[in-house]
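Residue numbers (the working numbering), protein chains in the order written: chain A, 1 to 393; chain B, 394 to 931.
By construction, the Cβ of each residue, glycine as well, lies at the ideal position given by its N, Cα and C atoms.
Comments concern the structure below.
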Amino acid sequence: MQINDPDTPRGADVVIIGGGVTGLSAGWWLAQSGVDVMVLEAGLVAFGASGRNGGGCTHFQSPLFKEEQRLWPMMDELLGHPTEFCRGRLRIATDDAQMALYGTSQPTMRRLGYACEQLDAAQIRELAPLAGDAAHGGYFYDVGGHANPHRTAQGYAWALQDHGGRIAQHCRVTGFVVEGGQVRAVQTSRGEISCQKVVIAAGPQTGALAAMLGASVPMVTARAEMIVTEPAPLMPLTGVDGNGLYGRQTLRGNLAYGGGMHEWLGDPEPGEAPRPGPPSSPLMAHIGRRLMEILPKAAHLRIIRSWAGKIENTPDGAPVIDWLPGCDNALVATMSSVGFGLSPASGHAIRDLVIDGTCSFADLSTFRLARFDRLEPDWREMQGWTPLIQGAA
Amino acid sequence: MKDEKSVASARLTLAERAELLVIGAGPAGLSAAITAAEAGMQVVLVDENPVPFEVMGDDVPLHFGQGASGVARNSAAMLEAIIESEPLIERAFEAGVDLRLGVAAWGLYANGPEMRWLPGAVAGLTDGAQGWMLGADHVIVASGRRDMGLAFPGWERPGVMGATAAVTLARRYQALAPRRVVLIGTGAEALLAARELMACGVEIAAIVEQASAPVGPPALAAEVASLLSSTGGEMLCGHVPRGVAGGEAVTGLTAAPVAGGAVREIACDGVILGVGVTPVVDLLGAMGCDLAFQAERGGYAPLLGPSGRTSVASVHAVGDCAGIWPKKSADRAIAEAEGARAAAAILTETGRAAPSLPEPELPGPPALDLSAYRTAWMRAAVIDAPCGAHVCQCEEVTAREILELRPPRYLGWAPPEGTNDERSLARLLGEGPPNPDQVKRLTRAGMGPCQGRRCREQVAALLALQSGETLAQIPLAGYRAPVRPLPLAIAAQIPEVEEMRAHWEVWFGIPSQWRPWWEHPGHYTSAGRERGAQVNSE
Chain A
1 MQINDPDTPR GADVVIIGGG VTGLSAGWWL AQSGVDVMVL EAGLVAFGAS GRNGGGCTHF
61 QSPLFKEEQR LWPMMDELLG HPTEFCRGRL RIATDDAQMA LYGTSQPTMR RLGYACEQLD
121 AAQIRELAPL AGDAAHGGYF YDVGGHANPH RTAQGYAWAL QDHGGRIAQH CRVTGFVVEG
181 GQVRAVQTSR GEISCQKVVI AAGPQTGALA AMLGASVPMV TARAEMIVTE PAPLMPLTGV
241 DGNGLYGRQT LRGNLAYGGG MHEWLGDPEP GEAPRPGPPS SPLMAHIGRR LMEILPKAAH
301 LRIIRSWAGK IENTPDGAPV IDWLPGCDNA LVATMSSVGF GLSPASGHAI RDLVIDGTCS
361 FADLSTFRLA RFDRLEPDWR EMQGWTPLIQ GAA
Chain B
394 MKDEKSVASA RLTLAERAEL LVIGAGPAGL SAAITAAEAG MQVVLVDENP VPFEVMGDDV
454 PLHFGQGASG VARNSAAMLE AIIESEPLIE RAFEAGVDLR LGVAAWGLYA NGPEMRWLPG
514 AVAGLTDGAQ GWMLGADHVI VASGRRDMGL AFPGWERPGV MGATAAVTLA RRYQALAPRR
574 VVLIGTGAEA LLAARELMAC GVEIAAIVEQ ASAPVGPPAL AAEVASLLSS TGGEMLCGHV
634 PRGVAGGEAV TGLTAAPVAG GAVREIACDG VILGVGVTPV VDLLGAMGCD LAFQAERGGY
694 APLLGPSGRT SVASVHAVGD CAGIWPKKSA DRAIAEAEGA RAAAAILTET GRAAPSLPEP
754 ELPGPPALDL SAYRTAWMRA AVIDAPCGAH VCQCEEVTAR EILELRPPRY LGWAPPEGTN
814 DERSLARLLG EGPPNPDQVK RLTRAGMGPC QGRRCREQVA ALLALQSGET LAQIPLAGYR
874 APVRPLPLAI AAQIPEVEEM RAHWEVWFGI PSQWRPWWEH PGHYTSAGRE RGAQVNSE
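What follows is the structure, given as structure tokens:
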């Protein structure tokens with residue numbers, strides 16, 4: 001897409017800021033509905049947390065989960081690109097305490113009508129032979145699962161282009177033109193782009209962009225880390241985790257897992273392009289240890305990469321998908337660090353809000369910004385979500 | 394208030410500390426270690442060589458191409474060979490350097506704007522059996538060079554290897570299996586490798602070059618041509634390798650004229666790839682040092698201040714990993730001077746008496762257009778090859794699959810009827826250069842256990858060719874720790890402190906994040922938030 005091409009109109013009906021999975025899915029949904037949509041990305045699509053996560057699709061706490069589950073099995077066909085979605089998830093516990101903790105999800109699962117089966121060590125070995133004799137017990141969910149974030153995110157991007165949507169990479173947002181309480185144009189490093197509506201889905205940048213429009217969307221960015229091993233033979237079930245880890249066996253056979261200590265970071269500079277990838281830390285070794293604890297037959301496998309991603313969290317860890325107060329054509333969308341798996345549904349929800357004004361399939365009242373109206377000004381300090389002082393660790 | 398689930402609870406267990414850690418015991422690293430130790434610093438010098446035979450089989454750290462002889466199975470003999478081949482090692486011992494051969498640095502970390510929990514600079518080390526962390530006040534990286542691969546048909550066969558790997562096996566270990574080889578490439582480093590190999594008694598049957606004449610320094614080219622003809626070898630310019638003959642072992646190479654015409658079969662038992670060498674910047678890149686394409690330094694190399702200081706204050710880079718150019722390749726005194734100067738700068742910084750040393754000489758303007766030369770090789774030997782070889786051997790990805798961004802073959806993917814199948818790089822680009830990491834994610838090229846050592850420069854050259862950019866415009870595919878494949882069982886030996894174990898969470902450990910949505914209160918305050926309970930993060 002060449003936004004400087006003289007034949008291209010310098011604007012779109014809906015401008016989406018942020019080429020991560022949330023923004024791309026929203027753009028795809030809108031383009032499918034015939035809306036003239038343009039996604040602006042400061043760097044490359046899905047080069048933030050959207051391309052650095054574990055690929056989990058099992059977030060039944062969310063009002064979007066049912067729609068997510070409806071969509072995932074169809075996503076390959078809908079996007080015209082393989083997402084590698086695999087259904088089902090096994091959580092392995094290594095002791096009684098973990099078993100009890102994982103069991104606390106059962107009432108939620110039952111209420112939603114999903115099956116959740118308690119497994120013994122022998123049943124676990126059958127689904128996950130790499131577990132060997134380590135498993136104390138576990139839970140199998142015949143729902144949720146995992147997909148490949150890279151292929152899925154790129155699938156959204158290509159599919160939205162197929163439907164006439166446009167993507168501008170390397171395009172930093174520097175400001176907004178606001179008239180009469182409405183955003184009329186988005187100012188970027190590549191010129192001004194007029195719009196009827198704007199969706200801010202810019203991950204860690206979302207708060208700073210909303211602030212440019214005078215609105216407060218409370219959030220803090222953190223770094224989290226993952227590792228991946230060389231391939232192992234495919235297990236009958238690839239959605240296997242537990243022991244304080246999230247992750248999966250990829251369809252190539254690699255074990256890709258994350259978990260453990262996150263690090264709260266300072267606010268990003270407004271419009272800052274993502275760095276080639278934040279550094280990862282020796283936390284890698286501890287993730288490796290925990291992976292070996294649940295999959296001891298993988299102990300010989302070699303870690304071949306580790307990486308980090310930066311994700312934002314709202315004070316309660318729940319998403320915000322809402323119109324900005326005082327700017328009634330600007331929608332803000334942050335999934336609060338749990339965005340990939342829900343993205344087929346979050347895009348649908350954003351499409352509904354933008355076109356119809358209301359979500360057709362879920363109650364999004366818990367995503368309202370107004371829930372933070374009574375939030376303390378010093379909430380970051382109260383929650384300890386502040387960066388470490390350099391060198392004080 | 395402290396978030397106990399955050400790195401505020403994290404503490405890294407260091408097994409040991411060093412005032413100065415030097416990584417790499419080549420001329421630059423040894424010279425740095427000796428200079429610092431002689432001035433009274435406590436210096437640990439690690440070098441992964443000799444790597445175990447099985448690890449060499451995975452082309453770590455160099456593209457050995459199964460070209461090592463049985464000698465390489467004897468680790469004691471290999472260790473002895475290193476000590477005997479390098480006079481500075483004896484001096485390092487005498488100077489009190491804590492020198493450890495067979496110890497690999499798989500990670501290097503330092504605090505920065507996006508990471509603050511570390512106790513200063515730390516390195517992850519392993520001897521193949523144990524893994525541990527070492528904290529260092531200062532680090533000098535001297536991690537050397539490696540060879541660029543070239544995916545001509547047959548390049549995955551045992552006996553096809555990199556020039557640096559071949560010279561290392563021949564010169565240092567007397568463990569090079571092939572005795573009569575064909576060398577591919579005529580840049581300065583290839584010609585120097587030819588001279589070295591011949592000096593070690595290896596017969597060079599031919600040197601194959603796609604360009605119409607050798608591209609290295611003319612005097613060196615003339616010298617090598619004359620050596621070559623005196624031993625019955627030939628310089629075959631305007632040719633590219635098209636295939637390898639033989640079963641288990643290489644018995645010959647097929648070379649074809651670039652312009653078309655009769656092919657040549659050259660009898661040989663090894664093929665040596667000398668189309669390019671590159672600074673080994675994996676540790677530097679993974680820790681976040683600023684790197685940039687610098688043609689005069691042989692490609693992507695660290696951006697250096699005086700005395701080899703990198704953008705990370707406590708880290709210096711010296712020797713080949715800081716830049717490779719013909720004069721430096723021919724004269725190890727330059728690398729030694731870089732090492733000594735970096736050590737002297739650290740001595741001065743720490744208030745010790747330092748020897749007065751001049752700044753080492755810098756590279757001049759590059760004599761060879763690196764981008765044009767490497768892309769010409771990729772076009773002639775890989776893209777124009779009648780059958781596509783795997784550019785990424787680990788993941789079995791061909792040049793065509795890379796350029797067309799095909800999903801991996803094992804997915805068995807065929808686009809559904811009616812979908813627009815124009816899912817090309819051009820459509821991905823927008824207005825920026827193609828990014829090898831983006832290509833890696835979609836095709837898996839460079840994602841395998843060799844960690845891109847064999848294909849990284851080739852993928853960059855392919856993207857440059859496709860986009861009409863120069864190599865300088867193609868971003869560097871990111872390096873990630875561990876920069877050597879590290880078994881889970883070895884990583885697991887690094888102790889996880891009790892504070893971390895007690896507060897380890899799947900995700901952030903925010904209770905309300907995992908409450909089902911119908912249990913959320915209408916308003917949220919930090920004072921009223923749920924606390925204390927263990928969180929079932931999903």
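- According to the DSSP assignment, residue 905 of chain B belongs to the alpha helix (DSSP H) that extends over 904-907.
- Comparing alpha carbon positions, the residue from B:446, B:441, B:807, B:483 closest to residue 520 of chain B is B:441.
- With respect to chain B, the C-beta atom of residue 50 of chain A has no partner C-beta closer than 8 Å.
- Across the region 299-313 of chain A, CB contacts with chain B closer than 7 Å involve 299, 300, 301, 302, 303, 304, 305, 306, 307, 313, in sequence order along the chain.
- At a cut-off of 8 Å, the C-beta of residue 382 of chain A has a neighbouring C-beta in chain B.
- Residue 666 of chain B and residue 586 of chain B have their alpha carbons spaced roughly 10 Å apart.
- Under DSSP, residue 491 of chain B takes part in a beta bridge, and its partners are B:437.
- At a cut-off of 8 Å, the C-beta of residue 238 of chain A has no neighbouring C-beta in chain B.
- Residue 650 of chain B is bridged by DSSP to B:632.
- Separation of the CB atoms of residue 252 of chain A and residue 803 of chain B is rounded to 7 Å, and the pair is thereby assigned contact status at 8 Å.
- Beta-bridge analysis with DSSP links residue 306 of chain A to A:227.
- Around the beta-carbon of residue 161 of chain A, 16 or more other beta-carbon atoms lie within 10 Å, marking it buried.
- Taking 8 Å as the threshold, the shortest C-beta distance from residue 908 of chain B to chain A falls below it.
- Residue 260 of chain A has its alpha-carbon roughly 11 Å from the corresponding atom of residue 895 of chain B.
- Listed along the chain, the chain A residues whose CB falls inside 8 Å of the CB of residue 903 of chain B are 313, 316, 317.
- A contact between stretches requires three or more CB pairs, one per stretch, nearer than 8 Å, and the region 189-205 of chain A fails this requirement with the region 94-103 of chain A.
- Among the residues facing chain A, residue 672 of chain B is not included, as its CB has no counterpart in that chain under 8 Å away.
- By the rule that beta-carbons nearer than 8 Å mark a contact, residue 430 of chain B does not touch chain A.
- Apart from sequence neighbours up to five positions away, the residues of its chain that approach residue 185 of chain A with a beta-carbon distance below 8 Å are 11, 176, 177, 192, 193, 194, 195, ordered along the chain.
- Put simply, the CB of residue 918 of chain B is near chain A, with a gap under 8 Å to one of its CB atoms.
- Secondary structure of residue 657 of chain B (DSSP, three-state): strand.
- Secondary structure of residue 448 of chain B (DSSP, three-state): helix.
- For residue 375 of chain A, DSSP assigns no beta-bridge partner whatsoever.
- By the Cβ criterion, the region 645-659 of chain B is not in contact with the region 610-619 of chain B, since fewer than three pairs of Cβ atoms, one from each stretch, lie closer than 8 Å.
- Runs of the beta strand (DSSP E) spanning 3 or more residues and lying entirely within the region 109-166 of chain A occur at 116-119, 137-146, in chain order.
- The C-beta distance from residue 535 of chain B to residue 714 of chain B rounds to 6 Å, short enough to fall under 8 Å.
- Proximity of residue 400 of chain B to chain A, defined by a Cβ-Cβ separation below 8 Å, is satisfied.
- Against chain A, the beta carbon of residue 683 of chain B has no neighbour under 8 Å; the closest one sits roughly 10 Å away.
- At the C-beta level, residue 490 of chain B and residue 568 of chain B stay beyond 8 Å of one another.
- Within the region 198-273 of chain A, the beta strand (DSSP E) runs of at least 3 residues that lie entirely inside it are, in chain order, 220-229, 240-242, 246-249, 255-258.
- For residue 102 of chain A, the enclosing alpha helix (DSSP H) stretches over residues 96-103.
- By the criterion of a C-beta distance shorter than 8 Å, residue 641 of chain B is surrounded in its chain by 551, once the five residues flanking it on both sides are discounted.
- The shortest CA-to-CA distance from residue 125 of chain A to any of A:353, A:297, A:321 is the one to A:297.
- One thing to note: residue 244 of chain A has its Cβ within 8 Å of the Cβ of residue 290 of chain A.
- DSSP, reduced to helix, strand and coil, places residue 694 of chain B within a strand of the structure shown.
- Sixteen is the threshold: since fewer than 16 other Cβ atoms of the shown chains lie within 10 Å of the Cβ of residue 592 of chain B, the residue is exposed.
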